[in-house]
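Heads up, the sequence shown is in this note's numbering, so the first residue is 307 and it goes up one at a time.
Note sheet for the following structure.
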Amino acid sequence: MGYTEEKNQRILKLQLEVNQATKDQAKAQSDATAKANTLTSRTTIYDQDAVDTSTSQANLKLADTAIATSESAKAVIEIADESIAQLYETVMDLVKNAHETANKAVAAAKSMSDLSAQIDKAKTKNKLISDLLTADAKKGSADASKAVTDAITALTDAMSAAGMAIKLYNSLEATSGQLDSVASELTDKKEGIHVSLADINTRNQKKTEHSLSEKEKAESASNEANNELTKQTARLTMAIAALAAANAAVSQ
307 MGYTEEKNQR ILKLQLEVNQ ATKDQAKAQS DATAKANTLT SRTTIYDQDA VDTSTSQANL
367 KLADTAIATS ESAKAVIEIA DESIAQLYET VMDLVKNAHE TANKAVAAAK SMSDLSAQID
427 KAKTKNKLIS DLLTADAKKG SADASKAVTD AITALTDAMS AAGMAIKLYN SLEATSGQLD
487 SVASELTDKK EGIHVSLADI NTRNQKKTEH SLSEKEKAES ASNEANNELT KQTARLTMAI
547 AALAAANAAV SQ
């Protein structure tokens with residue numbers, strides 16, 4: 307084989323290498339693009355899953371806070387119930403005392419009224435009875451009547467206080483019942499909100515863990531594809547340079 311033929315064979319071989327390198331580089335470019343698209347897609351999925359998990363965790367935390375709040379409120383109401391019960395007992399003692407006082411005041415007023423009437427009657431028959439005694443009797447009767455008024459007012463106030471204590475106690479009982487209902491809706495083991503939120507959070511965590519794994523696999527595959535693209539691009543560059551150098555040598 308002559309020198310010219312040998313150079314032509316070398317050029318042909320270099321051209322074939324350029325052609326093959328071009329195909330391999332194009333394939334590597336296509337693979338790298340596909341892997342990059344896959345990575346973008348799986349990153350988007352992971353990011354959304356991460357947001358869902360964060361939201362479900364926040365919702366679960368709110369449910370925990372609501373349960374803790376209801377338990378604290380329940381404890382406060384129980385303490386308040388005890389205080390109201392003691393208050394009611396005290397108020398009922400006041401009612402009892404006020405009732406006894408009112409009875410005594412009424413009895414005293416009746417006695418004073420009778421005494422005053424008797425003195426008035428006696429004075430009409432006996433002028434020796436002094437006007438001062440009559441006046442004192444009338445004043446005593448008036449004071450007794452006022453004492454009755456004050457005693458009845460005190461009894462009314464005590465009964466009103468007892469009514470308010472009962473109303474407050476019943477209100478606390480109603481609130482306690484409502485809290486029990488809300489707590490039941492939150493903590494019921496089958497249909498409670500907390501159970502549902504915990505289930506959603508568990509599912510979201512598993513989904514996020516899976517999408518993270520898929521994202522990491524896509525990152526690894528994309529890195530490998532980019533490395534292969536770099537390798538094939540360098541190979542093509544070198545093949546083109548070698549072919550150009552060979553063609554330049556032939557033309558001289």
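C-beta: ideal position from N, C-alpha, C; glycine also.
For clarity, every value in this text was computed on a predicted model and none was experimentally measured.
At the level of alpha carbons, what is the spacing between residue i and residue j?
i: A372; j: N365; result: 10 Å
i: Y352; j: A332; result: 30 Å
i: A468; j: K452; result: 24 Å
i: K410; j: T455; result: 12 Å
i: N314; j: A555; result: 11 Å
i: H405; j: K416; result: 16 Å
i: S336; j: L535; result: 9 Å
i: L518; j: T539; result: 31 Å
i: A407; j: M398; result: Looking at the sequence itself, residue 407 is Thr, so the reference to Ala does not match. Computed Cα separation, rounded: 14 Å.
i: S477; j: Q354; result: 47 Å
i: I317; j: S528; result: 35 Å
i: A552; j: N343; result: 39 Å
i: T396; j: A464; result: 10 Å
i: I385; j: E479; result: 12 Å
i: K537; j: H516; result: 32 Å
Beta-carbon within less than 6 Å of residue i's beta-carbon, same chain only, minus the 5 sequence neighbours each way: which residues are those?
i: A356; result: T514
i: A545; result: E323, V324 and A327
Comparing C-alpha positions only, which one of the options sits nearest to residue i?
i: Q511; options: S362, T375 and D463; result: S362
i: D505; options: Q315, D358, N532 and L320; result: D358
i: A548; options: L320, A414 and D399; result: L320
i: L400; options: M418, A457 and L368; result: A457
i: S389; options: L474, A414, E520 and K537; result: L474
i: S360; options: H516, E530 and T508; result: T508
i: N403; options: A374, D420, K367 and T459; result: T459
Answer with buried or exposed for residue i, where buried requires no fewer than 16 other C-beta atoms within 10 angstroms of its C-beta.
i: A550; result: exposed
i: A334; result: buried
i: S533; result: For the sequence presented, residue 533 should be read as Asn rather than Ser. N533 comes out exposed.
i: S378; result: exposed
i: S466; result: exposed
i: K341; result: buried
i: L461; result: buried
i: A413; result: exposed
i: A531; result: buried
i: A374; result: exposed
i: A391; result: exposed
Which residues in the same chain as residue i place their Cβ atom closer than 8 Å to its Cβ, once the five residues preceding and following it in sequence are excluded?
i: L542; result: V324, A327, T328, D330 and Q331
i: E520; result: R348, I351 and Y352
Keeping to the same chain, check which residues put their C-beta closer than 7 Å to that of residue i; ignore five residues upstream and five downstream.
i: A369; result: L492, I499, H500 and L503
> Contact between the stretch 515 to 535 and the stretch 343 to 356: three or more CB pairs below 8 Å?
Replying inline: yes
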